[in-house]
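First comes the structure, then the notes that go with it.
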Amino acid sequence: MHRSSLTSQHLLSIFLSLAAAALLLLVLPCSLAAQKTALHLDGTPADPFLAASGKPVVLIFLRTDCPISNRYAPLLQQISSRYGAKVALWLVYPSRTSSAEKIRQHEHDYGYKLPALRDPQHALVTQAQVQVTPEAAVFDANHRLLYHGRIDDLYQDSGRARPAATTHELDDAIRAALSGKTPPPNAPGVGCYIADLE
Amino acid sequence: MTSSGRTIVACLLGFSSATAAAFATHDGATERPSMPAAQQASFNRDIAPILFRYCAPCHRPGEAGPFPLLTYADAKARARQIAALTSKRFMPPWLPEPQELRFADELRLSDEQITLIQKWVEQGAVEGAPADLPPAPQFVPGWQLGRPDEIIEAEKPYTLPASGSDMYWNFIFRTPVDRTRWLKAIEIRPGDKRVVHHANILVDRNQSARRQEAESRAGFPGMELKIESENFDPDSHFLFWKPGTVPKPEPESMSLRLDKDTDLVLNIHLQPSGKPEKIQPNLGLYFTDKPATHFPLLLQMENDKKLDIPAGEKRFLVTDEFTLPVDVDLLAIYPHAHYLGKDLQALATLPDGSAKTLIHIPQWNLNWQAVYHYADPVPLPKGTTISMRYVYDNSSQNLANPNDPPRRVAAGNRSSDEMAHLWLQVLPRTSSNADFDPRMLLQESMARHNLEKNPADFEAHYNLAAMLQARGAQAEAIQNFELALRLRPQDATANNALGAALLAAGRISEAMPYLNAALRAQPDNFDAHYNLASALVSQDKFLEAIEHYRAAVRLHPDDANAEANLGSALAETGQLSEAKLHFRRALRIDPNHKLARENLEQINSDPKNLQQ
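So the sequence lines, in the order shown, correspond to chains A and B. Residues 107 to 304 (my numbering) make up the first sequence, in order. Residues -14 to 597 (my numbering) make up the second sequence, in order.
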């Protein structure tokens, strides 16, 4: 008797803690969504995953005044053309102070023809686990984070650029997201710290 | 490892290495930052003075820095970036190691300053008390030396593509002077400073670079330039721009000569920014009435011939040594290698056996190459040996390696080739023997030194011959011009020079074939037409001479000697009215031209010529 009563108590307590965890999981995303969200340039809340409808989502984190991310503009435009409508690709500007107008001007100057989001509360920064601009995050069709990090290995360090990249992580990760193959390992980007924007 | 963990580790590493460096310089003693340990670092008191002095000259609107660093808000929005880049000594960019011989405008942070920045960021990058903020730095807007006497703009802009590897472009500026002027400064405004990494002016007294333009006046690509000079007219001044440069006027005694028809070739290094950039540089010329009385010289040490670096080689050593034949003051130094250069060093060993490091760059980075001026002239007596010691890394660990996978690299002008050059600006000490130019002895020694390294060095033979010719050693000069020509039989300049040397030695019939060869190689060679015409005159072949003088005058319409000699040759054949025309033209160019004046007077005074 002793034994079984103990057992049932034990089971009960485990069950309770699981329930509590499930409850927390349910609550957290809701409260996050209520507090932190990315924004369209017109100021309305943006959810790039909602709009993607079963497509892989690619987020590219940029800063208007980061020379390293700016240097990637032609390549990013090329990658976007390569995959076209097969992926939902967004430029994400995590700066709190960059206005929509400044971002539009930046897109115009660098020849971007890609949709852009502002992420002043770093909702997408957190979700994508990115640290610097430029870094990319690639989510598969189920919005699972497959890859986050550098676009390629052009830069090894600030001021230490190769003549041309020898690895192409972003491109590989997008292909992995489309084909279900293994994505490349996450590799840290080189550029401007997003944490400086907090 | 997760990304967030990674950043923390990176920050800690950056901090601890900087701290270790601070400890090391204090020989194990307790670290002493410039403030009490307990006190919090603040922007206003601790960081602003550093940023204002070391960063703001470039990090302000319109300058090379990609963002301003002038206010607390600017610094706060870059705090970790600043801490990381200063701890790696990537910023501010300053390549040389500290040494006994100091450079002017050193841009190197002390270990204590770096530690202080780390501490400020660690402690939350606080602003501090407003009273602690030093006055904002004052910068001169626009031209740094005031309104130039003359501004010249590149005739056609160059558009840098949005992407791709680094680009080197050359703009040719036609100088606006109509007579010889003296410059105390040239200020370079290279265009968009965010894409221009450095710029360098070469003085082209023979308009030789124009031949490299595919389309006239459009400029031309290329990292390295060869400027031809037919006279003893060595380069004397570094005319160099890098981000943050504030031009300094030359000392009054060392003004730079600028002749009519001299071209200034601006070689600029550009890095694509992500969008197309239109580059149209301006040069500001500042004149002085004071002609130069002191003549510095740019000495070039090199050993390109030894540059044959196997693929994968991590430490490939190239050296050169040159012993000074005269006393000099060393004013500035410019080490130059391309992307494989790793450790660049120059050393001076004085006659008393003592050694001085002239420069040591342990982590060469072509992007930040610069001319380094010494804070004080460095006296180097005759007999001092200057050693250049460059190490190259042609492995794949060298990120700048232009080849992937690495391949064998030899010397060359393309950025994917290599170079081992060390330029020294020296001012020879003036001796009591005033009619002898010590620069010529330096050039002659340098040419002989280069021939020891490479007996097949065309330029060394040519330069040696030119020096010998200038000091009257005709036989040896002719011999060296011949050796130069054996190496490049078709070279127009060398053929003309040998022809001229033979003419000067009175060996006219021997000179003719070389002058003709010069014209076959380059039909518009003014000197060859002029010299050949002179040779023909001395053989009384006036009609042929007239044709070559006419060609010379067409090529250089402002040359009084060519006009006067054409007049004389015409007069010899009795074509007096046309002769007078050319004498008058010579006198218009140079009212004191003796030959033209005398000949014209003679024609006019002869009653037989009255009807002409």
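Heads up, the beta-carbon is just placed ideally off N, CA and C, and yes, glycines get one too.
Just mark residue i as buried or exposed, buried being the case when its beta carbon has 16 or more other beta carbons within 10 Å.
i: Lys61 of chain B; result: buried
i: Pro266 of chain B; result: buried
i: Pro474 of chain B; result: exposed
i: Gln66 of chain B; result: buried
i: His214 of chain A; result: exposed
i: Ala322 of chain B; result: buried
i: Leu156 of chain A; result: exposed
i: Asp591 of chain B; result: exposed
i: Lys260 of chain B; result: buried
i: Gly190 of chain A; result: exposed
i: Lys299 of chain B; result: exposed
i: Glu172 of chain B; result: buried
i: Ala121 of chain B; result: exposed
Let me make sure I understand the geometry here. Which of the options has the alpha-carbon closest to that of residue i?
i: Met239 of chain B; options: B:Phe223, B:Ala110, B:Ser590, B:Gln348; result: B:Phe223
i: Ser381 of chain B; options: B:Gln256, B:Val538, B:Tyr324, B:Arg132; result: B:Tyr324
i: Val376 of chain B; options: B:Arg582, B:Ser150, B:Asn288; result: B:Asn288
i: Glu235 of chain B; options: B:Pro281, B:Leu249, B:Asp246; result: B:Pro281
i: Ser159 of chain A; options: A:Ser285, A:Gly286, A:Tyr253, A:Ala247; result: A:Ala247
i: Ile318 of chain B; options: B:Arg38, B:Leu284, B:Pro336, B:Val125; result: B:Leu284
i: His406 of chain B; options: B:Gly491, B:Gln428, B:Ser372; result: B:Ser372
i: Ala296 of chain B; options: B:Asn388, B:Leu241, B:Pro83; result: B:Asn388
i: Thr308 of chain B; options: B:Leu365, B:Lys299, B:Ala360, B:His254; result: B:Leu365
i: Gly457 of chain B; options: B:Phe421, B:Ala33, B:Asn435; result: B:Phe421
i: Glu190 of chain B; options: B:Leu54, B:Asp476, B:Thr165; result: What sits at residue 190 of chain B in the sequence shown is Arg, not Glu. Selected option, being the one with the closest Cα: B:Thr165.
i: Leu241 of chain B; options: B:Thr278, B:Ser258, B:Ile32; result: B:Thr278
i: Val538 of chain B; options: B:Gln25, B:Ile35, B:Lys565, B:Arg570; result: B:Arg570
i: Gln123 of chain B; options: B:Asp134, B:Pro42, B:Gly109; result: B:Pro42
i: Gln587 of chain B; options: B:Arg573, B:Leu94, B:Ser562; result: B:Ser562
i: Ser258 of chain B; options: B:Met152, B:Ala506, B:Phe568; result: B:Met152
i: Leu384 of chain B; options: A:Thr288, A:Leu303, A:Thr273; result: A:Thr273
i: Gln25 of chain B; options: B:Pro83, B:Pro336, B:Leu436, B:Glu107; result: B:Glu107
i: Pro391 of chain B; options: A:Pro269, A:Arg202, A:Thr232, A:Arg281; result: A:Pro269
Can you give me the Cβ contacts of residue i inside the same chain, cut-off strictly under 6 Å, excluding the 5 residues immediately before and after it?
i: Glu557 of chain B; result: Phe527
i: Ala482 of chain B; result: Phe466
i: Leu500 of chain B; result: Gly484, Ala513, Asn516, Leu517
i: Phe205 of chain B; result: Asn155, Gln197, Glu198
i: Ala331 of chain B; result: Leu343, Ile344, Met373, Leu407
i: Leu468 of chain B; result: His446
i: Phe301 of chain B; result: Ile294, Tyr377
i: Ala242 of chain A; result: Ile166, Ile257, Leu276
Any beta carbon from chain C within less than 8 Å of residue i's own beta carbon?
i: Leu70 of chain B; result: Going by chain labels, chain C is absent from the structure shown, which instead holds the protein chains A and B.
If you measure between the beta carbons of residue i and residue j, is that distance less than 8 Å?
i: Ile174 of chain A; j: Tyr261 of chain A; result: yes
i: Ala395 of chain B; j: Leu292 of chain B; result: yes
i: Phe28 of chain B; j: Tyr57 of chain B; result: yes
i: His345 of chain B; j: His254 of chain B; result: no
i: Gly265 of chain A; j: Gly295 of chain A; result: no
i: Thr160 of chain B; j: Leu251 of chain B; result: no
i: Leu145 of chain A; j: Leu223 of chain A; result: yes
i: His358 of chain B; j: Phe88 of chain B; result: yes
i: Asp31 of chain B; j: Leu92 of chain B; result: no
i: His541 of chain B; j: Leu551 of chain B; result: no
Please go through the same chain and pick out, in chain order, the residues whose beta-carbon is closer than 7 Å to the beta-carbon of residue i, but skip the five residues on each side of it.
i: Lys178 of chain B; result: Glu48, Ala49, Pro228
i: Asp263 of chain A; result: Val296
i: Tyr178 of chain A; result: Pro240, Ile257
i: Arg424 of chain B; result: Pro219, Phe280, Leu282, Pro413
i: His186 of chain A; result: Residue identity differs from the one stated: residue 186 of chain A is Ser in this sequence, not His. For Ser186 of chain A, where only same-chain residues beyond five positions count, the Cβ hits under 7 Å are Leu195, Leu220.
By Cβ distance, which residues of its chain are closer than 8 Å to residue i, with the 5 residues on each side in sequence left out?
i: Thr144 of chain B; result: Pro261, Glu262, Lys263, Ile264
i: Gly(-10) of chain B; result: For Gly(-10) of chain B, the predicted structure reports a pLDDT of 29, less than 50, and the residue's modelled location is therefore unreliable. A value from the coordinates is still provided. So the list is empty, once near-sequence residues are dropped.
i: Ala489 of chain B; result: Gln454, Gln459
Listed in chain order, which residues of the stretch 375 to 389 of chain B have Cβ atoms closer than 9 Å to some Cβ of chain A?
Ser381, Leu384, Ala385, Asn386, Pro387, Asn388, Asp389
At a CB distance below 7 Å, what residues from the stretch 257 to 271 of chain B approach chain A? Give them in sequence order.
Along the stretch 257 to 271 of chain B, the positions whose C-beta sits under 7 Å from a C-beta of chain A are Pro257, Ser258, Gly259, Lys260, read in chain order.
What residues in the stretch 196 to 218 of chain A have a beta carbon less than 7 Å from any beta carbon of chain B?
Asp215, Tyr216, Gly217: these are the residues of the stretch 196 to 218 of chain A whose beta carbon lies less than 7 Å from some beta carbon of chain B, given in chain order.
Quick one, which residues of the stretch 39 to 66 of chain B are near chain A if we go by CB-CB under 8 Å, in chain order?
Pro51, Phe52, Lys61, Ala62, Arg63, Ala64, Arg65, Gln66
Between the stretch 259 to 275 of chain A and chain B, which residues of the former have a C-beta closer than 8 Å to a C-beta of the latter?
Gln262, Asp263, Ser264, Gly265, Arg266, Ala267, Arg268, Pro269, Ala270, Thr272
Quick one: which residues of the stretch 276 to 301 of chain A get their C-beta closer than 8 Å to a C-beta of chain B? List them in chain order.
Asn292, Pro294, Cys298, Tyr299, Ala301
Residues within the stretch 389 to 423 of chain B neighbouring chain A, beta-carbon criterion of under 9 Å:
Asp389, Ser400, Ser401
Identify each residue in the stretch 176 to 192 of chain B for which the Cβ-Cβ distance to at least one residue of chain A is less than 9 Å, and report them in chain order.
Arg179
Short of 7 Å Cβ to Cβ, which residues in the stretch 136 to 154 of chain B face chain A?
The stretch 136 to 154 of chain B vs chain A, Cβ under 7 Å: Ala147, Ser148, Ser150.
Give, in chain order, every residue of the stretch 70 to 100 of chain B whose Cβ lies closer than 9 Å to some Cβ of chain A.
Only those residues of the stretch 70 to 100 of chain B whose C-beta falls short of 9 Å from the nearest C-beta of chain A are listed: Leu70, Lys73, Phe75, Met76, Pro78.
Listed in chain order, which residues of the stretch 349 to 364 of chain B have Cβ atoms closer than 9 Å to some Cβ of chain A?
Asn350, Asn352, Trp353
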